[in-house]
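Protein chains in written order, with our numbering: chain A, 1 to 183; chain B, 184 to 1011.
Heads up, the thing below is written out as structure tokens.
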Ligand code: FES
Ligand code: FES
């Protein structure tokens, strides 16, 4: 059965929010209950960030959000309201490659064959990047720990761990985050 | 892709070689068969640019949501759609009545509808669908829909399914001819009972009941489909469905069938799929309803399953209860294997008819037995339907059988690896059930894992330094298996090719491959590219693959049964070779030499006798285009009848079989019952590795998934869950427990064993370049290898999965109390 044509219903409370994504500024009218994931994917068309569960279990939606000291940390965008990251620097997978060059993490994931279906990998590569920003020479257990919030159903993780180790041997692209001393 | 000139050594001419010297090219920068090249879509995936189904959006697109049943088994008395339609922003609502045509992946068991018609058969079954302006409105409409039910008797397990006869209140699916049976398969080869008797007198016989719990695929990408109508209103337009499916061709057929449209009016586009593992290998509700709603509303309609809905779509591994009897003579020759298997199928047949066959038919190699019988029955129950999960139907009996081999070896005082070697079927042999086994690298696989795990020094001795590990005990276990590389018979009987490939090349030097095959992450597009490089000598970056769009690409039956590399590979090879011959002929004419003296490789075309003489691929293609006109060729792969000469003898018959062996090392905490799968060594014979990196990825992914099925994953329903109070157990009957990735745990980096994969190559004459499968075989023997390792560690045999801490502790307790013998005697 079809209904007569009609406009939108449930009154959504929207707010104008300034989002800083991958170095660009977006002023977006976002529904207050919409997550950062929804706004990135469906309003800003940044579909590289994936949704695997929408409830914080899989890590596919991981993006990096910088804190006041400009340290980028992985955040689950499906559990983050868009209105809560107003004015914070957000990095999505689309912002990982700079100046037309793959980030060493991206290159290593490709080189090692870590990308099977690739659906988990935006989140996975960003988690790996965040780890390497913090700790440029991680041990295998440290990598396993850092990536344990990102589920991958294809690879058995073997090549992902290998790729992260390989990426750790390559410096981040020029203009990237300044390397930090390990804590 | 290619790292270019720097790695270019002496020119290497792929197509001049036969299969085996691929090892020459296993370096970064080389390409063609056997090279460790990058994936064709690797950079795109690394950049996050790959567009999956949910990444598509269209102007005016509506959001579709489903109303789902709250009852396991009930008649639908009434669906009141008016309150939903009254909500502003709701464009359409449909119920089962609007899509009443039955469908089913297997032509003989068409027993389901897109939305429930008249009755519901499991909690969570789709009853109605709405299309609305946005997600919030669609959800509100679903809430507003009222469904009135009249409860029927829920049939929640196999025992109930067996007991209840044909009474309508307890018949789950009317398609069942008898009671609640989907399919029974009973086959026997050779004097099984006599052989068992003889072994009882002189040899060893083991007889046990095993249980394999249900598990699901859990791809990270949820199912998603978009329906679009172009070029005309409603049923006059061209219907396009974009879907995360593994089987665009079957979806195409079933959409036309259910919607009553000519097939020529339907187009299916399958974008790259975010993991599937068998979970997207048949049409699902969402694909039909977005099509119907798009036809009704004239607007694009998208449905994206929530994670909970992905669990409800299921079609995962069947729970199986299996009674196995396995007999060997005193020398360890396997004389007889006999099994009686009950499959808990859920509400619809899905692939279940085939599953019942696979539960028996794929067990007869590469470790062979002299006589064999199985009796498998699949039952309908009021739960989401089970279907094919990676290693369809054969994973569960493989677990039982390989545990039995371990027990026989112990009774006979033999090393379990030795027992398997002794019973190796051999190559180019006919197995006891009539299947034709071509190449098999079982012995090489066993050697590889034996060596890598230091089996001889370590097995049985890891418990020795127990004091260092406190309550933890370590052990090693072995197992082996085989799997099909596609099936000789297509799902619906027809004489046409199972896979077709079209190749186009032109003066630009670019090669475009059109293939209906589905890249679900396994890398089939990369296999196509590799074959183009191999045959036409072009660089990887000059190959484009257009795949799985029924308007643009020839038919391929889909990504299931591990069929793609073998079948699509043959088709691609045939098409590319036709074009190569044209290029060779045209260039030979220009150079005034024989076509055979024209070699294609490294983005160039060379003269055999003078490698100083060469032109670029593009120049050569120009010569060919000038001589032959527009350049294009097709290739197709057809199977030939094969398998045993009896009813059902063709099911499980494959052009080629892979072989695998696993050794697992586990650590069992005897205090907590927790099992840690520490390391797994796995060797898999894939014939020829078209791209060894992809093969390793398949081996690792399979092994990870298998290991998880031992200690972690379990589809639990209603009262099965721990801690459900008796009072609410009845109310929860048939309700899936915790349909989320938090409750249904899949392994993280921390739970996954260290996996050491070796690729073994025993090329098979039936595969392209000798290639066989790698995507499913390496899952099978992971499970029994782990369970056998647990026995080595703590001396307790476990017959039921998963090995949850509670089950492990119960076994240890029984062992302490002397209730469970540490070794099994032959059943009296
Ligand atoms: S989508 Fe799964 S954690 Fe966010
Ligand atoms: S690559 Fe498919 S889920 Fe990770």
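Here a beta-carbon is modelled for each residue, glycine too, at the ideal position from N, C-alpha and C.
Q. If we call anything under 8 angstroms between Cβ atoms a contact, is residue 138(A) one with residue 131(A)?
A. yes
Q: Give the C-beta separation of residue 267(B) and residue 327(B) to the nearest angstrom, bearing in mind that I take them to be a contact with Cβ-Cβ under 8 angstroms.
A: 4 angstroms
Q) Using the beta-carbon of each residue, which ones in chain B are nearer than 7 angstroms to residue 156(A)? A) 883, 884, 886, 887, 935, 938
Q: State whether the region 61 to 71 of chain A contacts the region 22 to 34 of chain A, with contact taken as three or more CB pairs (one from each stretch) at a distance under 8 angstroms.
A: No, the region 61 to 71 of chain A is not in contact with the region 22 to 34 of chain A.
Q: Can you check the region 431 to 471 of chain B for any alpha helix (DSSP H) of at least 4 residues that lies completely inside it and give the ranges in chain order?
A: 431 to 442
**Q.** Residues that DSSP places opposite residue 247(B) in a beta bridge
**A.** Per the DSSP secondary-structure output, residue 247(B) pairs in a beta bridge with 314(B).
Q. Any residues in the region 863 to 879 of chain B with a beta carbon nearer than 8 angstroms to a beta carbon of chain A? Which ones, in chain order?
A. 876, 877, 879
Q: Find the nearest neighbour of residue 1022(B) within the set 332(B), 491(B), 654(B), 462(B), judged by alpha-carbon distance.
A: There is no way to answer for residue 1022(B), as the model of chain B reaches only from 184 to 1011.
Q: Closer than 9 angstroms, Cβ to Cβ, to anything on chain A: give me those residues from the region 395 to 411 of chain B, in chain order.
A: 400, 401, 402, 403, 404, 405
Q | Inter-residue Cα distance where the pair is residue 677(B) and residue 824(B) | A | 12 angstroms
Q. Thinking just about the alpha-carbon of each residue, which of 357(B), 273(B), 508(B) is nearest to the one in residue 585(B)?
A. 508(B)
(Q) Measuring only the C-alpha atoms, how far is residue 476(B) from residue 277(B)? (A) Whole-angstrom Cα-Cα distance: 8 angstroms.
Q. Quick one: Cα of residue 865(B) to Cα of residue 846(B), how far?
A. 6 angstroms
Q. Whose C-beta lies closer than 6 angstroms to the C-beta of residue 336(B) among residues of the same chain, with five residues either side of it excluded?
A. 352, 353
Q.
Going by DSSP in three states, residue 982(B) sits in which element: helix, strand or coil?
A. coil
Q: Return no unless some Cβ of chain B is closer than 8 angstroms to the Cβ of residue 97(A).
A: With 8 angstroms as the cut-off, residue 97(A) counts as an interface residue toward chain B.
(Q) Between residue 704(B) and ligand 2, is there a pair consisting of the residue's CB and a ligand heavy atom that are separated by less than 7 angstroms? (A) yes
Q: Spell out whether any CB of chain B is found under 8 angstroms from the CB atom of residue 60(A).
A: yes
Q) Taking Cβ-Cβ distances shorter than 8 angstroms, what residues in chain A pair up with residue 636(B)? A) The contacting residues do not exist; residue 636(B) stays about 17 angstroms from chain A at best.
(Q) In the DSSP output, what is residue 386(B) paired with across the bridge? (A) In DSSP, residue 386(B) forms a bridge with 512(B).
(Q) Give me, in chain order, the residues of the same chain whose beta-carbon lies closer than 6 angstroms to that of residue 876(B); leave out the 5 immediate sequence neighbours on both sides. (A) 219
(Q) Can you tell me which residues form a DSSP beta bridge with residue 697(B)? (A) Under DSSP, residue 697(B) takes part in a beta bridge, and its partners are 685(B), 729(B).
Q: Taking only beta carbons into account, state which residues of the region 119 to 140 of chain A come closer than 8 angstroms to chain B, listed in chain order.
A: 119, 120, 121, 122, 125
Q: Within the same chain, show all residues whose beta-carbon is closer than 6 angstroms to that of residue 559(B), passing over the 5 residues directly before and after it, in chain order.
A: Its chain contains 368, 524, 539, 542, 543 as the residues whose beta carbon lies nearer than 6 angstroms to that of residue 559(B), once the 5 sequence neighbours on both sides are disregarded; these appear in chain order.
Q) Which of the residues in the region 21 to 48 of chain A, read from start to end, lie with their CB under 7 angstroms from any CB of chain B? A) Of all residues in the region 21 to 48 of chain A, the ones placed with a Cβ closer than 7 angstroms to any Cβ belonging to chain B are 47, 48, in chain order.
Q: Taking 6 angstroms as the limit, tell me which residues put their C-beta closer than that to any heavy atom of ligand 3, in chain order.
A: For the structure depicted, ligand 3 is absent and the ligand set comprises only ligand 1 and ligand 2.
Q. How about residue 231(B) and residue 94(A): are their beta carbons less than 8 angstroms apart?
A. yes
Q. Using the rule of at least 16 other Cβ atoms within 10 Å of the residue's Cβ for burial, across every protein chain shown, is residue 675(B) buried or exposed?
A. exposed
Q: Give the single residue among 564(B), 534(B), 553(B), 550(B) whose Cα lies nearest to the Cα of residue 573(B).
A: 534(B)
Q) Is any heavy atom of ligand 2 found at a distance shorter than 7 angstroms from the C-beta of residue 155(A)? A) yes
Q: Would you mind reading off the limits of the beta strand (DSSP E) that contains residue 407(B)?
A: Residues 407 to 413.
Q. Taking Cβ-Cβ distances shorter than 8 angstroms, what residues in chain B pair up with residue 78(A)?
A. None at all; the shortest Cβ gap to chain B is about 11 angstroms.
Q. Taking only runs of the alpha helix (DSSP H) that begin and end inside the region 259 to 292 of chain B, which ones reach a length of at least 4 residues, in chain order?
A. 265 to 268
Q.
DSSP has residue 848(B) in a bridge; who is on the other side?
A. 659(B), 862(B)
Q.
Contact criterion: CB-CB distance below 8 angstroms. Does residue 101(A) meet it with respect to chain B?
A. no
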